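Q: For what it's worth, the working numbering labels the leading residue of the sequence shown as 2, then goes sequentially.
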Amino acid sequence: MKKIALITGASSGMGREFVREIDSLGLDEIWGVALSKDKLEKVKAETKTPFKVFALDLTKEENITLLQEKLSKEKPDIKWLVNASGFGKFGRYDEIEISQSANMIDLNCKALVEVTEHALPYMSEGARILQIASVAGFQPTPYINIYAATKAFVVSYSRALNVELKSRKISVTCVCPFWTKTPFFDRATAIKTDRDVITKFVAMYKPEDVVRKAMKDARKRKELSICGFIARSQVRLVSMLPKKLVMKVWCGQQKFDKKYKNK
């Protein structure tokens, strides 16, 4: 039985960094899932471990079925599952197409659950699951409201699933990055507006640092992985403060009252 890693969002950003880290573990194969076949082929060319390309849009049910059928046919032993597919949008509700908001929910939440639960029958004792959420998942966040809400779902789902899987000795680690320098911003800022919505980032982490800590925390079977003092401090602070105050501070930091005055 082949020992594999299944990584969604494998073509860029943190998904790509997970491929690099897992490439050194001596698995039989890495299965990489992402939208772009060309980008996945480039990852394959740079990877020592045999790399299977799955150019799939996970918001389409037929592609989830295709992945499920591939798992059923090959029956691999999935040692690492990394759900790194996802995207966000910056802007007020009326600056983001409704179809994009729905697509965000489908990819960040629905597809993550489907991939996870189709993979679980092929995971055994000692396997690790890493779900990519965000520090935004710990607070309501105006002007990134759908994205933050989807990450709140991922945090809650991951922590609860970790408890459910203890009897099988499979761990779930929810990775909650702060702002991280990835292509995430290219898509997040592409909305129908003439202004920069988010302009103050406080700190910007490197994806390789986030991923290395996530791998370390997953080996320790931690339920949460939060990289960096600023990120950990924010999560602790927002857990203690009234959410109305948290949102007020966030909006003041980004000067939304000025940006959206008379808009």
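All C-beta atoms, glycine included, are put in the ideal place defined by N, C-alpha and C. Because the structure is a prediction, the values reported are computed rather than measured.
(1) Which term fits Pro208, buried or exposed, when burial requires 16 or more other beta carbons within 10 angstroms of its beta carbon?
(2) What's the C-alpha gap between Leu57 and Lys260?
(3) For Ala6, which of Ser240, Phe230, Met216, Ile227 has the nearest alpha-carbon?
(4) Could you check the C-alpha separation between Ser168 and Lys4 for me, to the nearest Å?
(5) With distances taken from CA atoms, which of Ile145, Asn104, Glu98, Ile133 is nearest Thr117?
(6) By DSSP's criteria, Gly33 is part of a beta bridge. Which residues make up the other side?
(7) Please work out which residues of its chain come closer than 6 Å, Cβ to Cβ, to Pro51, disregarding the five sequence neighbours upstream and downstream, and give them in chain order.
(8) Can you give the Cα-Cα distance for Phe230 and Ala150, rounded to whole angstroms?
(9) Quickly, what does DSSP pair Asp78 with across the bridge? List them, please.
(10) Determine the direct distance from the alpha carbon of Lys201 to that of Phe257, and round the result to whole angstroms.
(11) Can you list, in chain order, the stretches of the alpha helix (DSSP H) that have 4 or more residues and sit fully within the segment 125 to 180?
(12) For Leu68, does the three-state DSSP call read helix, strand or coil?
(13) What whole-angstrom Cβ distance do Thr9 and Val44 have, given they're in contact under 8 Å?
(14) DSSP state of Ser226, grouped into three classes?
(15) May I ask you to report which of helix, strand or coil DSSP gives Tyr206?
(16) So does Ser13 have its beta carbon nearer than 7 Å to some heavy atom of the ligand FAD?
(17) Would you check if the distance between the CB atom of Val156 and the CB atom of Phe139 is smaller than 8 Å?
(18) Where do the ends of the alpha helix (DSSP H) carrying Glu115 lie?
(19) Does the separation of the CB atoms of Phe185 and Phe88 fall below 8 Å?
A: With the given structure in hand:
(1) Within the sequence shown, residue 208 is the residue found at index 207, counting from 1. It is buried - the Cβ of Pro208 has at least 16 other Cβ atoms within 10 Å.
(2) Within the sequence shown, residue 57 is the residue found at index 56, counting from 1. Within the sequence shown, residue 260 is the residue found at index 259, counting from 1. Between Leu57 and Lys260, the C-alpha separation is close to 38 Å.
(3) Along the sequence shown, read from residue 1 onward, the residue named residue 6 stands at position 5. For Ala6, the nearest C-alpha among the options comes from Met216.
(4) For this step, residue 168 is matched to residue 167 along the sequence shown. For this step, residue 4 is matched to residue 3 along the sequence shown. Distance between the alpha carbons of Ser168 and Lys4: 21 Å.
(5) As a position in the sequence shown, residue 117 is number 116, starting the count at 1. Of the candidates Ile145, Asn104, Glu98, Ile133, the one whose C-alpha sits nearest the C-alpha of Thr117 is Ile133.
(6) Along the sequence shown, read from residue 1 onward, the residue named residue 33 stands at position 32. In DSSP, Gly33 forms a bridge with Ile8, Val54.
(7) Taking the sequence shown and counting its residues from 1, one reaches residue 51 at position 50. Cβ neighbours of Pro51 beyond the five flanking positions: Glu30.
(8) Mapped onto the sequence shown, residue 230 falls at position 229. Mapped onto the sequence shown, residue 150 falls at position 149. If you take the alpha carbons of Phe230 and Ala150, they lie about 23 Å apart.
(9) Counting from 1 along the sequence shown, the entry for residue 78 is found at position 77. According to DSSP, which records beta bridges pairwise, Asp78 is partnered with Lys4.
(10) For the purposes of this step, residue 257 is identified with residue 256 of the sequence shown, where counting begins at 1. For the purposes of this step, residue 201 is identified with residue 200 of the sequence shown, where counting begins at 1. Roughly 11 Å separates the two Cα atoms.
(11) 146 to 165
(12) Within the sequence shown, residue 68 is the residue found at index 67, counting from 1. Leu68 falls in the helix class under three-state DSSP.
(13) Numbered from its first residue, the sequence shown carries residue 9 at position 8. Numbered from its first residue, the sequence shown carries residue 44 at position 43. Rounded, the Cβ-Cβ distance is 13 Å, inconsistent with contact.
(14) Within the sequence shown, residue 226 is the residue found at index 225, counting from 1. Looking at Ser226 - three-state DSSP - the assignment turns out to be strand.
(15) Sequence index remark: in the sequence shown, residue 206 carries index 205 (1-based). If DSSP states are grouped into helix, strand and coil, Tyr206 belongs with the strands.
(16) Ligands are entirely absent from the displayed structure, and the ligand FAD is therefore not among its contents.
(17) The residue labelled residue 156 in the question sits at position 155 within the sequence shown. The residue labelled residue 139 in the question sits at position 138 within the sequence shown. The answer is yes: Cβ separation under 8 Å.
(18) Taking the first residue of the sequence shown as position 1, residue 115 is located at position 114. Its alpha helix (DSSP H) spans residues 113 to 120.
(19) Sequence index remark: in the sequence shown, residue 185 carries index 184 (1-based). Sequence index remark: in the sequence shown, residue 88 carries index 87 (1-based). For Phe185 and Phe88, yes; Cβs fall inside 8 Å.
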